[in-house]
Each structure stands twice: as C-alpha cells, then as structure tokens.
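Enquirer: Line by line, the protein sequences are chains Z and S.
Numbered according to the numbering used here, the first sequence spans residues 1 to 400.
Numbered according to the numbering used here, the second sequence spans residues 1001 to 1200.
Even glycine gets a Cβ: it sits at the ideal position worked out from N, Cα and C.
Please read through the structure below; I'll follow up with questions.
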Amino acid sequence: MATQTTDEDSKEEYMFINMGPSHPAMHGTIRIKLHLDGETVVSSDVEVGYLHRGFEKMCETHTWNACLLYTDRLNYVSPLINNVGFVLAVEKLYGLKVPERCQYIRVVASEISRLADHLTCIAASVMELGALTAFLYLMKAREYLYDLIEDACGARVTTTYMRVGGIAADLPPGFAEKTLEALPKVEECIKDVDGLMTRNRIFMDRVVKTGVISKEDAVSHGFTGPCLRSTGVPYDVRKAQPYLVYDRMDFDVPVGTTGDNYDRYLVRLEEMNQSMKIIRRALKDMPDGPVNVDDRSVVLPPKEEVYTNIEALMNHFKLVMTGHGLKPPVGEVYFPVEGGNGELGFYIVSDGADKPYRVRARSPSFCLMSGLSKMIDGGMVADIVPSFGSINMIGGECDR
Amino acid sequence: MADGKSTLDVLKERFAEHIEDSHSFRGDDTVVLKREGLKDVCKFLKDDPAQKYDLLMDLTCVDFPEREKRLEVVYHLYSIPHKKRIRLKVLVSEGSPTVETVSDLWMVADWLEREAWDMFGVEFKGHPDLRRILLYEEFEGHPLRKDYHPLKEQPRVKMREVTEARFTRRKEIRPMDGSPEDAGFLERSHEEAGPPRGKR
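If you want it as structure tokens, here you go:
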C-alpha cells in the first residue's frame, strides 16, 4: 500500500495516540483518543465514564436523606455545594423555606466549598505546568478551609452536612471567629501564588491563547460557571436566579474576554476573592435562631425529647424506620445552584414515596467535557494539559 | 418576560397542535409535546428573540414502566438574556423509542443524547454518532430503566484486540445494540493495516 500525497490519503500518516485514563495529567480518569500530525492535534475523541458509579440508580433505592451521602461524592472537592443543591431541590418539592440562620449557614458552607474547589483546580493545573511551589501553597490554604469544615460537620470531604429542612447540627461555638482568622491566611497564600504565576512568563506562554473557545460555542456546548464566564458571558446562577440569601450579598462576578486558559485562571482567582467577601458578610449578618424548619414530618425532633417524651419518640420512629420517612408530594422540580464548575442542577421526580422516583444531577463538568474537543483540536499536544486542567473536570461529577 | 407573556402561553398560542399537556408546579413550567412537534418548538424557542433559549441545560429521561408510553424524554432549557427556564417533555413508547435529535441546535445535545441512549435506550434520529458514553460498549441493557435491577450482574467481556484505529465521527448512524463491531469508529485489524506508519 503505497502512500500517495493527496490530502485524503495523508490521513494515513497521522498518528493515533491514546491519552489516559491513567495519566499523570488526566486527573479524574479521562481518556482522550488523539489523532496527531506531529505535535498538532488534528482531531480528538474524549471518552468519559471511567468513574460512573450509578449515582442516579442508587438514589432510586435510598431514602431522601440517604441520597445526600451520594451527593457528597459527586463533586468531591466541593461537597457542601452538592449537599445544598440536593436539599434545596427537595425543599422546593415540599414548598418549604428554611429559617434565616440556616440559609446563612448554607451560604457560608457553599462559599467555603467553592473556595476549596477553585484552590484545588488552580493548584492542580499549575502543578501540571511545573509550578510545584504554587501547588503546595494552595494546598496549605485549602487545609485551613478543611479545618473549618471539619469543625462544622466532622468530615473534610464527605461532609453530608445538610438535611432536608435544615442542617445536621448548628455551627460549633467560635466558628465565626475561627473563619475570620483563617480567611486572611488563605488570602495570603492566594496572593503569593498570584505573584508567582499571574505575570510569570513561562506560565503565560503556556496558557495565553491556548484552549480558546468562542462565546457561541461555549453556550452551545452547555458551558456554565467559570468556563462560560471566561468567554465573556456573565451568567451566574447566584445572580440570575438567586437562592438562599445570595440576593442580599454584595459581590461581583468576574468575566473574562477571550475564553482561553489564562482567562479561566484569572476568573477563578478573582472568584475566590469574591467568595471570601461573601463569607465575611454572611458571618456578620448571620442571625441567631433555629436551624431546622419547624415541620415535624421532615425534621427529626431533638434528641433530649426523643429520650424523654413518647410523642417525640414516635415522631423519630416515623422518620427513620423503613417504609416511613420523608414523603414529599408527588411532582417534579428542577433546582439549579452555582457549583464550582457551573450550574449544578437537580431534577427530582417524586411519586410520594419515601424514596425518590428519579434523581437527575445535571452535571456541569459533563457539558464542559463535551466542549473539550473543540478546545484542543488544532492545538499542540502540550496545550491539552493546561486546557484540561483549567476546565476542572471532576470525575465524580462528570460521570456520576 | 419582556412582554408579560410566559413561554407557556406563547407556546400554547403558536404550537397548540403539538402540545399534549402543560402544567406549572412550584414555579417550573412544563410542556408535554408530541414527538413530531419537538424540532419545530425547539427551533422556535432557540431562535425567537423574545424567547432566546440558548442553553440546553439538560436532556434526560424518566421511565414509567406501567404507562404505555413509558419513556419520557425531558429537556430543560434556559435563556441567558431573559433569565427564564422551561421544561419540555416528549413521551415515547418502548416499541418505537425514537426522537429527533437536537444536536444541530445545541451542540451539547450530542453528548446528552448519547447518555440518554446509554442509560435508557432512547434513539435519536439524525444523531451523528450514537454510541454509549458512560458505560463500556459491551454492556448489555439500559441500566436506568426500572426493569434493570440495581444489583444485576453483567457477563464477562472478552479482552479487546488492540488495533490501530482510525475513527470518523460523522458517519451514517444506526442505533447501537452494544456489539463491539458497531463501535463509533472503524477498526482495522493488524493484518489489514500493515506495519505502523508514522509521518516520514
């Protein structure tokens, strides 16, 4: 089979190479099948699904509050946001509104989680470009946040802090002071990394004008979150359709211009500053009061009463035993929250039973990955690394 | 909604022949469409300046096995300029689980429809490359259907031949039945391909 020099047949000369799923730069198990012409990517096929664990199927066989355990493991770097999203969707089904204190706590928890998510994303993506120092500085910053989360709910990553109708337990005493102490330390780490990376020649050479996606393509590919905002579309669920107490928070939404990797980095960097602003404001404004809604068919009674009082014991029984439990009204709702990567939406169908009929997690990373091919085609192999890193694909969220 | 009319009302006026049902629950508007009307309604919702639903937020299915039309394909649309949402539904039966693709309107539908095929077995007519996305090719069945038991075991799969593959994405599509030869790219065996050729 002699090779001819026509365009059609020169395809025979392209090299087919497989990147991932076990690859040091493919954090989160993604396989990219590449067609290479030397160093240039001619076409690519992205294969996801290596972390598919059947979240949606499992939710159909577990009670409403038990599904929360699975939501932790969706976007496992910002688990509190997943918890909040699911719980808000179920509460929308009920038509419940949680008390003010609970809403403020949920906002603080979401923003701390968003900080952790952006820290991890920037840390991992710059590490893959060689900036190991920046990675460790941001990991140090993230540890301060994990200490706070551990204080609040006992776990660093698999938090399951929210419950339908409220929160598992109120914040521990001194939480606000500890947070206000930790935030300046986090800010310092971020400022250090900003100084190291943002005007760094090597970094800029690798991320400016690589992984570019246009506004129209981004919207058509269902992009949301920092990746969409980096192309210039100022869509943020917290501003467009505010939930909890975000309408009282005074924060900006950073928007990029070119849609390249540098813009995504800058958008995330600035969003972290805005998150800290929100946390400070929410802690200042947080009222005292109950944290759970006052509905006995949804929220467990306090333990002191369960042990002393027969009505409370029966209430507890009715919420916990198999076959009983939360029974939301029949119907379907969709509730979007702003996750670390974009709009995380939960579409829940209920048939009145104690288990959901169908839970669908609209995963922002899945849609971002659908656009990855567009970002890397035509670029170099080496540009795949910052492009993929800047998307912040979280395997648990993408594949569920 | 600039002119005060909700999308639901606009659709009821313009596409009354395509609408089977509509309701509003907890602030979410839902429209159940007939299969034939889906494409026209979607094109209208995407292009009309008063609607401008430019983001296909989600495309998924729900399985109601006791109904005659058991699979319900659900589309969530969002309009960035007008900040509004709507949910479209199309009901299909198991005997003809085919819906027209919307991947020419919103590119994300490419992957979302592949997932709907993978999990539910809904076929999308006109989809450029309908193959499994979250599960492996040799998987049998459509797991999110209600008759798929959560603890069902899959048969063992023979190890695949590693071949020098050449893939094309936009080829004529026929629905997948999961067998390896129907994979979305052409695979040639070692004998056919000859010795590996790189750029000289």
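List, in order along the chain, the chain C residues whose C-beta lies closer than 7 Å to that of Z/C367?
Expert: Structure shown: chain C not included; protein chains present are Z and S.
Enquirer: Are the Cβ atoms of S/V1073 and S/K1089 separated by less than 9 Å?
Expert: Within the second sequence, numbered from 1, the residue matching residue 1073 of chain S stands at position 73. Within the second sequence, numbered from 1, the residue matching residue 1089 of chain S stands at position 89. Closer than 9 Å, so yes.
Enquirer: Can you give me the start and stop residues for the beta strand (DSSP E) that Z/G38 sits inside?
Expert: Numbered from its first residue, the first sequence carries residue 38 of chain Z at position 38. Where Z/G38 is concerned, there is no enclosing beta strand (DSSP E), given that its DSSP letter is neither H nor E.
Enquirer: Compare the C-alpha of Z/A374 against each of Z/N75, Z/V41, Z/L115 and Z/P24 and name the closest.
Expert: Numbered from its first residue, the first sequence carries residue 374 of chain Z at position 374. Per the sequence shown, the amino acid found at residue 374 of chain Z is Lys instead of Ala. Looking at the Cα atoms, Z/V41 is the closest of the given residues.
Enquirer: Could you compute how far the alpha carbon of Z/A123 sits from the alpha carbon of Z/M139?
Expert: Taking the first sequence and counting its residues from 1, the one referred to as residue 123 of chain Z is at position 123. Taking the first sequence and counting its residues from 1, the one referred to as residue 139 of chain Z is at position 139. Near 7 Å, if we compare the C-alpha coordinates of Z/M139 and Z/A123.
Enquirer: Assign Z/P79 to one of three DSSP states: helix, strand, or coil.
Expert: Against the first sequence, residue 79 of chain Z aligns to sequence position 79. In the structure shown, Z/P79 sits in a helix (DSSP, three-state: H, G or I).
Enquirer: Extract the residue ranges of the alpha helix (DSSP H) inside the stretch 307 to 364 of chain Z, only unbroken runs of 4 or more that lie entirely within it.
Expert: Fully enclosed alpha helix (DSSP H) runs of 4 or longer: 310 to 320.
Enquirer: With Z/G28 and Z/I394 assumed to form a contact (beta carbons below 8 Å), what rounded beta-carbon distance in angstroms separates them?
Expert: Sequence index remark: in the first sequence, residue 28 of chain Z carries index 28 (1-based). Sequence index remark: in the first sequence, residue 394 of chain Z carries index 394 (1-based). Contact flag correct, Cβ pair sits at about 6 Å.
Enquirer: At 8 Å on the CB atoms, spell out the chain Z contacts of S/W1111, in chain order.
Expert: Counting from 1 along the second sequence, the entry for residue 1111 of chain S is found at position 111. Result: F366, C367, M369 and S370.
Enquirer: Rounded to the nearest angstrom, how far is the Cβ of S/F1120 from that of S/H1142, given a contact under 8 Å?
Expert: Here the question's residue 1120 of chain S lines up with position 120 in the second sequence. Here the question's residue 1142 of chain S lines up with position 142 in the second sequence. The pair is a contact, with the Cβ atoms about 5 Å apart (cut-off 8 Å).
Enquirer: Could you tell me the alpha carbon to alpha carbon distance between Z/V306 and Z/L313, rounded to whole angstroms?
Expert: Position 306 of the first sequence, counting from 1, holds the residue named residue 306 of chain Z. Position 313 of the first sequence, counting from 1, holds the residue named residue 313 of chain Z. Rounded to the nearest angstrom, the two C-alpha atoms are 5 Å apart.
Enquirer: Could you give the C-beta distance for Z/Y243 and S/I1080, rounded to a whole number, given that I count them as a contact under 8 Å?
Expert: In the first sequence, the residue the question calls residue 243 of chain Z occupies position 243. In the second sequence, the residue the question calls residue 1080 of chain S occupies position 80. No, Z/Y243 and S/I1080 are not in contact; Cβ-Cβ is about 18 Å, not under 8 Å.
Enquirer: Closer than 8 Å is the cut-off here; do at least three beta carbon pairs connect the stretch 184 to 191 of chain Z with the stretch 237 to 251 of chain Z?
Expert: The stretch 184 to 191 of chain Z, when compared against the stretch 237 to 251 of chain Z, does not touch it at the 8 Å Cβ threshold.
Enquirer: Once DSSP output is grouped into helix, strand and coil, what is the label at Z/M286?
Expert: As a working note, residue 286 of chain Z is residue 286 in the first sequence. In the structure shown, Z/M286 sits in coil (DSSP, three-state: anything other than H, G, I, E or B).
Enquirer: Say whether chain S places a C-beta atom closer than 9 Å to the C-beta of Z/G395.
Expert: Sequence index remark: in the first sequence, residue 395 of chain Z carries index 395 (1-based). It does not; no Cβ of chain S falls within 9 Å.
Enquirer: Taking 9 Å as the threshold (C-beta atoms), are Z/N65 and Z/G340 in contact?
Expert: To locate residue 340 of chain Z, count along the first sequence from 1; it is residue 340. To locate residue 65 of chain Z, count along the first sequence from 1; it is residue 65. No, the pair does not count as a contact, with Cβ atoms beyond the cut-off.
Enquirer: Give me the subset of the stretch 209 to 221 of chain Z whose CB atoms are less than 8 Å from a CB atom of chain S, sorted by chain position.
Expert: Listed by position along the chain: D217, V219, S220 and H221.
Enquirer: Comparing alpha-carbon positions, which option in Z/E128, Z/P24 and Z/T198 lies nearest Z/E270?
Expert: By one-based count along the first sequence, residue 270 of chain Z stands at place 270. For the residues Z/E128, Z/P24 and Z/T198, the minimum Cα distance to Z/E270 belongs to Z/T198.
Enquirer: Output the boundary residues of the beta strand (DSSP E) element that contains S/L1033.
Expert: The sequence position of residue 1033 of chain S within the second sequence is 33, counting from 1. First-last of the beta strand (DSSP E) with S/L1033: D1028 to L1033.
Enquirer: Just to confirm my understanding: we take Z/Q241, look at its own chain, exclude 5 residues before and 5 after, and list those with CB closer than 8 Å. What are they?
Expert: Reading the first sequence from its first residue, position 241 is the one you call residue 241 of chain Z. P336, listed in sequence order.
Enquirer: Bridge partners for S/H1076 per DSSP, in chain order?
Expert: Reading the second sequence from its first residue, position 76 is the one you call residue 1076 of chain S. S/H1076 is bridged to S/D1058 and S/R1087.
Enquirer: Quick one: Cα of Z/A218 to Cα of S/H1076, how far?
Expert: Along the first sequence, one-based indexing puts residue 218 of chain Z at 218. Along the second sequence, one-based indexing puts residue 1076 of chain S at 76. Using only the alpha carbons, I get a separation of about 17 Å.
Enquirer: Take Z/S297 as the anchor and find which of Z/H316, Z/L283 and Z/K284 has the nearest alpha-carbon.
Expert: As a working mapping, residue 297 of chain Z is identified with position 297 in the first sequence. The option with the nearest alpha carbon to Z/S297 is Z/H316.
Enquirer: Given this structure, state the Cα-to-Cα distance separating Z/E216 from Z/D295, to the nearest angstrom.
Expert: To locate residue 216 of chain Z, count along the first sequence from 1; it is residue 216. To locate residue 295 of chain Z, count along the first sequence from 1; it is residue 295. Cα to Cα, the separation comes out at about 46 Å.
Enquirer: Taking the alpha helix (DSSP H) that S/M1119 falls in, what are its first and last residues?
Expert: Here residue 1119 of chain S is taken as the residue at index 119 of the second sequence, counted from 1. Unbroken alpha helix (DSSP H) run through S/M1119: A1109 to F1120.
Enquirer: Do the CB positions of Z/Y334 and S/R1087 come within less than 9 Å of each other?
Expert: The count along the first sequence starts at 1 and reaches residue 334 of chain Z at position 334. The count along the second sequence starts at 1 and reaches residue 1087 of chain S at position 87. Yes; because the gap between Cβ atoms is below 9 Å, this pair is in contact.
Enquirer: Z/A89: buried (16+ other C-beta within 10 angstroms of its C-beta) or exposed?
Expert: In the first sequence, counting from the first residue as 1, residue 89 of chain Z sits at position 89. Buried.
Enquirer: Examine chain Z for any beta-carbon lying closer than 9 Å to the beta-carbon of S/V1074, and answer yes or no.
Expert: Counting from one through the second sequence, the residue named residue 1074 of chain S turns up at place 74. True, the Cβ-Cβ gap to chain Z drops below 9 Å.
Enquirer: Would a check of beta-carbon distances place S/M1119 closer than 9 Å to chain Z?
Expert: The residue labelled residue 1119 of chain S in the question sits at position 119 within the second sequence. Yes, S/M1119 lies at the interface with chain Z (some Cβ there is under 9 Å from its Cβ).
Enquirer: In terms of DSSP beta bridges, what is Z/M380 paired with?
Expert: Working through the first sequence from its first residue, we reach residue 380 of chain Z at position 380. Looking at the DSSP assignment, Z/M380 forms a beta bridge with Z/T40.
Enquirer: Just to confirm my understanding: we take S/L1011, look at its own chain, exclude 5 residues before and 5 after, and list those with CB closer than 7 Å. What are they?
Expert: Position 11 of the second sequence, counted from the first residue, corresponds to residue 1011 of chain S. Excluding residues within five positions, the ones whose Cβ falls inside 7 Å are I1019, V1031 and V1041.
Enquirer: What did DSSP end up calling Z/S125 once you bin it into helix, strand or coil?
Expert: Reading the first sequence from its first residue, position 125 is the one you call residue 125 of chain Z. Looking at Z/S125 - three-state DSSP - the assignment turns out to be helix.
Enquirer: For Z/D72, which residues from the same chain have a beta carbon less than 8 Å from its beta carbon, with the 5 sequence-adjacent residues on both sides left out?
Expert: Locating residue 72 of chain Z in the first sequence gives position 72, where the first residue counts as 1. The answer, listed in chain order, is P79, N82, N83, V157, T158, T159 and T160.
Enquirer: Since I believe Z/Y347 is in contact with S/T1060 (beta carbons under 8 Å), could you give me their beta-carbon distance rounded to a whole number of angstroms?
Expert: Indexing the second sequence from 1 puts residue 1060 of chain S at position 60. Indexing the first sequence from 1 puts residue 347 of chain Z at position 347. Right, the Cβ-Cβ distance comes to about 7 Å (below 8 Å), so this counts as a contact.
Enquirer: Assuming S/K1125 is part of the beta strand (DSSP E), what are its boundary residues?
Expert: Taking the second sequence and counting its residues from 1, one reaches residue 1125 of chain S at position 125. It spans E1123 to K1125 - the beta strand (DSSP E) in which S/K1125 sits, taken as one unbroken run.
Enquirer: Return the chain-ordered list of same chain residues with a C-beta closer than 6 Å to the C-beta of Z/N392, the five sequence neighbours on each side being excluded.
Expert: Taking the first sequence and counting its residues from 1, the one referred to as residue 392 of chain Z is at position 392. If we look at Z/N392 and ignore the five residues flanking it on each side, its Cβ neighbours are C121 and N341.
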